[in-house]
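Here is the structure we will look at, set down as structure tokens.
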Amino acid sequence: MTLFEQILAARGLSGDGRAAFLQPDYNTAKGDPFLLPDMQKAVDRLKLAKQKSERIIIYGDYDIDGLSATTLLLDAFTKFGFKEVGAFIPNRFVEGYGITKGAVDKLHARGCDLLVTVDTGSLCHEEIEYAASLRIDTIVTDHHNVAETPPPAVAVINPKFSGHKYPFKDLAGVGVAFKLVQAMQTQMEGLPPGHEKWLLDLVALGTVCDVVTLVGENRANVYWGLEVLKKQRRPGLKALMAVAGVEPKTINARALGFGLGPRMNAAGRLETAQHALDMLVAENPLEALEKAEYLDELNLRRKDIQNVIFDEALRQAESMANDDVLVVSGKGWNHGVIGIVAAKLLERYKKPTYVLEEQENGEAKGSARSFGEFSAADAIRAAEEVIIKGGGHAAAAGVTLKNEKIPHFREKVNEYYRAQDFKEQLQYLLPKADAQVLDFSEVTEELIRQIARLEPFGNANPEPVLQAQNMLIIGQRRMGVDGQHVKLRAQDAHKNTLEFLAFNAPDHFFKEPGEYTTLWFQPGINEWNGMRSVEGRLVHLE
Numbered sequence: 001m002t003l004f005e006q007i008l009a010a011r012g013l014s015g016d017g018r019a020a021f022l023q024p025d026y027n028t029a030k031g032d033p034f035l036l037p038d039m040q041k042a043v044d045r046l047k048l049a050k051q052k053s054e055r056i057i058i059y060g061d062y063d064i065d066g067l068s069a070t071t072l073l074l075d076a077f078t079k080f081g082f083k084e085v086g087a088f089i090p091n092r093f094v095e096g097y098g099i100t101k102g103a104v105d106k107l108h109a110r111g112c113d114l115l116v117t118v119d120t121g122s123l124c125h126e127e128i129e130y131a132a133s134l135r136i137d138t139i140v141t142d143h144h145n146v147a148e149t150p151p152p153a154v155a156v157i158n159p160k161f162s163g164h165k166y167p168f169k170d171l172a173g174v175g176v177a178f179k180l181v182q183a184m185q186t187q188m189e190g191l192p193p194g195h196e197k198w199l200l201d202l203v204a205l206g207t208v209c210d211v212v213t214l215v216g217e218n219r220a221n222v223y224w225g226l227e228v229l230k231k232q233r234r235p236g237l238k239a240l241m242a243v244a245g246v247e248p249k250t251i252n253a254r255a256l257g258f259g260l261g262p263r264m265n266a267a268g269r270l271e272t273a274q275h276a277l278d279m280l281v282a283e284n285p286l287e288a289l290e291k292a293e294y295l296d297e298l299n300l301r302r303k304d305i306q307n308v309i310f311d312e313a314l315r316q317a318e319s320m321a322n323d324d325v326l327v328v329s330g331k332g333w334n335h336g337v338i339g340i341v342a343a344k345l346l347e348r349y350k351k352p353t354y355v356l357e358e359q360e361n362g363e364a365k366g367s368a369r370s371f372g373e374f375s376a377a378d379a380i381r382a383a384e385e386v387i388i389k390g391g392g393h394a395a396a397a398g399v400t401l402k403n404e405k406i407p408h409f410r411e412k413v414n415e416y417y418r419a420q421d422f423k424e425q426l427q428y429l430l431p432k433a434d435a436q437v438l439d440f441s442e443v444t445e446e447l448i449r450q451i452a453r454l455e456p457f458g459n460a461n462p463e464p465v466l467q468a469q470n471m472l473i474i475g476q477r478r479m480g481v482d483g484q485h486v487k488l489r490a491q492d493a494h495k496n497t498l499e500f501l502a503f504n505a506p507d508h509f510f511k512e513p514g515e516y517t518t519l520w521f522q523p524g525i526n527e528w529n530g531m532r533s534v535e536g537r538l539v540h541l542e
């Protein structure tokens with residue numbers, strides 16, 4: 001069995017299921033949008049809004065999922081012939097997350113008749129009721145967790161609600177907005193069947209960057225969305241790809257997540273996500289390029305700010321060697337960046353991490369990142385007596401508390417961790433090998449071309465990892481200004497060799513010639529000075 005066959009077998013891909021996975025069918029994958037809750041109510045209300053020429057405001061979250069969904073509906077509503085359509089993206093530092101009453105007041109001042117949310121709204125009961133008191137109707141499209149009862153909106157479209165028959169529950173926010181468009185197509189003119197596929201570039205962008213599972217309908221949408229991106233029509237995305245150095249012909253999910261995504265997110269982290277929305281909707285190529293270049297500039301600033309905070313957080317973390325959960329804090333730490341710092345600390349120390357910004361008003365706002373069986377949100381609930389508010393998910397959460405309560409919060413979350421008596425937490429961070437490599441001669445360009453057929457990679461469909469056991473290290477080269485990167489050359493039992501590269505490598509990656517080690521890696525192509533060679537991107541070794 002070839003290495004590629006081993007990878008397919010490890011992922012349970014065989015028979016008809018294999019063919020369907022390798023080339024997903026858009027029409028087969030999409031479900032009937034009217035199986036989602038309240039879909040007909042939403043379409044009916046939109047038809048009424050068009051008939052009465054009402055003012056519609058699309059309210060999107062400030063992350064890429066929300067921005068992509070906002071752009072998608074602006075585009076689609078224009079094609080459906082709506083005349084009075086605008087958008088509102090909340091500012092992380094002013095309105096904060098979700099719908100707020102202050103934001104509703106701003107929409108009321110803009111003459112809003114109908115509010116359509118994307119990627120938010122499912123838990124905004126009071127705010128939607130407040131909007132209704134101002135004679136603003138609301139349609140919610142969202143994919144986040146829900147309460148037992150939906151908010152008092154005209155329609156709440158969210159696959160997380162129970163009691164419906166839609167077959168796929170893990171759509172991103174932009175995916176739910178896309179279902180609304182598909183439903184509108186069946187009852188409104190302006191966007192003929194099949195033409196909605198030109199919106200799949202936005203669906204792919206939001207779906208990949210929101211890290212939902214890339215299986216089923218999501219996989220089909222992203223697969224074909226990447227094809228749309230290769231033929232990009234939007235000046236904004238075309239400009240952003242140029243600025244990020246992403247070649248349209250070879251664009252993949254990784255380019256969205258690590259090339260386009262961080263630049264768009266930087267706007268909301270440092271200033272306002274409106275910059276990213278302006279870039280997405282720009283029609284003039286020169287204007288689009290200016291906005292894309294500004295996003296790139298913001299991203300560079302974001303990296304600098306992030307590095308300063310990370311270095312300060314590292315110094316604190318070093319003094320917490322006995323803690324199972326890290327809780328670090330600092331004055332003036334940018335709230336838009338601390339979530340990334342939490343993720344980097346988790347990666348470094350293999351511990352759940354809370355990073356808190358100590359604000360001048362005496363309150364600390366924090367972001368958490370976790371893994372395995374430890375729920376960041378449950379730990380916050382276990383510390384409810386020392387916090388002001390908090391919540392989220394197992395892997396990521398947010399919390400607000402008084403600055404003076406930070407030491408107590410640290411004690412509480414560590415007590416919660418110890419009380420769970422976890423046995424194998426670290427196993428969740430170890431890579432899972434799809435296939436065993438006995439002979440490096442099997443790791444070829446052809447194998448890499450075959451692996452590319454499994455794209456798009458992401459949540460629930462990670463890039464394959466190969467394992468090579470007990471290989472002899474015959475060379476080591478340190479690279480980078482501080483020698484922080486390493487390139488190893490390893491040899492198998494047949495004397496075949498392969499090079500492995502790791503950026504910002506941990507200390508134990510620096511193996512000396514003569515040592516034997518087991519390597520986990522992802523094969524790729526190294527192109528340098530016109531030369532091509534196969535190498536491995538090192539993800540783990542022992």
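Using the working numbering, the first residue of the sequence shown is number 1, and each one after it goes up by one.
Even glycine gets a Cβ: it sits at the ideal position worked out from N, Cα and C.
Nothing here was measured: the structure is a model prediction, and the numbers come from that model.
Helix, strand or coil for residue i per DSSP?
| i | result |
| --- | --- |
| Ala395 | coil |
| Glu527 | strand |
| Glu5 | helix |
| Asn461 | strand |
| Val281 | helix |
| Thr517 | strand |
| His508 | helix |
| Phe440 | helix |
| Ser68 | helix |
| Arg532 | strand |
| Val212 | coil |
| Ala49 | helix |
| Ala273 | coil |
| Gln522 | strand |
| Arg254 | helix |
| Leu541 | strand |
| Ala321 | coil |
Would you kindly report the start and end of the unbroken beta strand (DSSP E) that includes residue i?
| i | result |
| --- | --- |
| Arg548 | Lying outside 1 to 542, the shown extent of the chain, residue 548 is not represented and no answer is given. |
| Leu1 | Sequence inspection shows Met at residue 1; the Leu mentioned does not correspond to that position. Note, Met1: premise wrong, no beta strand (DSSP E); not H, not E. |
| Tyr60 | Sequence check: residue 60 is Gly here, not Tyr. Gly60 -> beta strand (DSSP E) spans Ile56 to Gly60. |
| Asn403 | Asn403 -> no beta strand (DSSP E), and no H or E assigned at all. |
| Arg478 | Leu466 to Met479 |
| Leu498 | Thr497 to Ala502 |
Tell me the residue span of the alpha helix (DSSP H) that contains residue i.
| i | result |
| --- | --- |
| Asp304 | Pro285 to Glu318 |
| Phe409 | Ile406 to Gln420 |
| Leu229 | Gly216 to Lys230 |
| Phe21 | Gly15 to Leu22 |
| Ala204 | Leu200 to Cys209 |
| Val85 | Per DSSP, Val85 belongs to no alpha helix (DSSP H); it is in the beta strand (DSSP E), Val85 to Phe88. |
| Tyr428 | Segment: none, Tyr428 is in no alpha helix (DSSP H) and carries neither H nor E. |
| Thr28 | Tyr26 to Ala29 |
| Met241 | Pro235 to Ala244 |
| Arg449 | Glu445 to Ala452 |
Assuming the contact rule is C-beta atoms closer than 8 Å, residue i and residue j should be a hit. Round their C-beta distance to whole Å, please.
| i | j | result |
| --- | --- | --- |
| Gly121 | Asp142 | 5 Å |
| Gly259 | Cys209 | Not really, about 11 Å apart at Cβ, beyond 8 Å. |
| Phe4 | Leu447 | 6 Å |
| Val104 | Ala131 | 5 Å |
| Arg269 | Ala244 | With 8 Å as the limit, Arg269 and Ala244 do not qualify as a contact, their Cβ atoms being about 17 Å apart. |
| Ala253 | Val228 | That pair is no contact at about 14 Å. |
| Leu36 | Tyr166 | 5 Å |
| Gly372 | Ile380 | Contact flag wrong, Cβ pair sits at about 17 Å. |
| Leu541 | Phe509 | 6 Å |
Run the proximity test for residue i: is its beta-carbon closer than 7 Å to any non-hydrogen atom belonging to the ligand MN?
| i | result |
| --- | --- |
| Asp278 | Of the ligands one can find in the structure shown there are none, so the ligand MN has no counterpart to examine. |
Q. Enumerated in chain order, which unbroken segments of the beta strand (DSSP E) with a length of 3 residues or greater are wholly contained in the stretch 324-393?
A. Counting whole runs of 3 or more residues, the stretch 324-393 contains the beta strand (DSSP E) stretches 326-331, 353-358, 363-369 and 389-392.
(Q) So, does the stretch 450-458 touch the stretch 489-497, judging by three or more C-beta pairs under 8 Å? (A) These segments do not touch.
Q: Let me know the alpha helix (DSSP H) ranges lying completely inside the stretch 110-179, each 4 residues or longer, listed in chain order.
A: Residue ranges of uninterrupted alpha helix (DSSP H) with 4 or more members, entirely inside the stretch 110-179 and ordered along the chain, are 125-133.
Q) Is the stretch 522-540 close to the stretch 494-513, with three or more CB pairs under 8 Å? A) Between the stretch 522-540 and the stretch 494-513 there are three or more inter-stretch CB-CB distances shorter than 8 Å, so the stretches are counted as touching.
Q: May I ask you to verify whether the stretch 320-337 touches the stretch 279-299, counting CB pairs closer than 8 Å and requiring at least 3?
A: Output reads no: the stretch 279-299 does not touch the stretch 320-337.
Q: Say whether the stretch 54-62 touches the stretch 110-119, bearing in mind that this needs 3 or more beta-carbon pairs closer than 8 Å, one atom from each stretch.
A: Three or more beta-carbon pairs drawn from the stretch 54-62 and the stretch 110-119 are found closer than 8 Å, and the two stretches are therefore classed as touching.
Q.
Would the stretch 357-376 count as touching the stretch 397-417 if we require 3 or more Cβ pairs under 8 Å?
A. Touching, per the Cβ criterion.
Q. Are the stretch 506-521 and the stretch 468-485 touching by the rule of at least three beta carbon pairs closer than 8 Å?
A. Contact holds: three or more Cβ-Cβ distances are below 8 Å.
Q: State whether the stretch 83-90 contacts the stretch 61-71, with contact taken as three or more CB pairs (one from each stretch) at a distance under 8 Å.
A: Between the stretch 83-90 and the stretch 61-71, the count of C-beta pairs closer than 8 Å reaches three or more; the two stretches touch.
**Q.** the stretch 190-201 / the stretch 138-152 touching (three or more Cβ pairs under 8 Å)
**A.** Verdict: no, contact absent.
Q: Report yes or no: do three or more beta-carbon pairs, one from the stretch 323-343 and one from the stretch 300-315, lie closer than 8 Å?
A: The answer is yes - the stretch 300-315 touches the stretch 323-343, with three or more Cβ pairs under 8 Å.
Q: May I ask you to verify whether the stretch 347-361 touches the stretch 281-292, counting CB pairs closer than 8 Å and requiring at least 3?
A: Between the stretch 347-361 and the stretch 281-292 there are fewer than three inter-stretch CB-CB distances shorter than 8 Å, so the stretches are not counted as touching.
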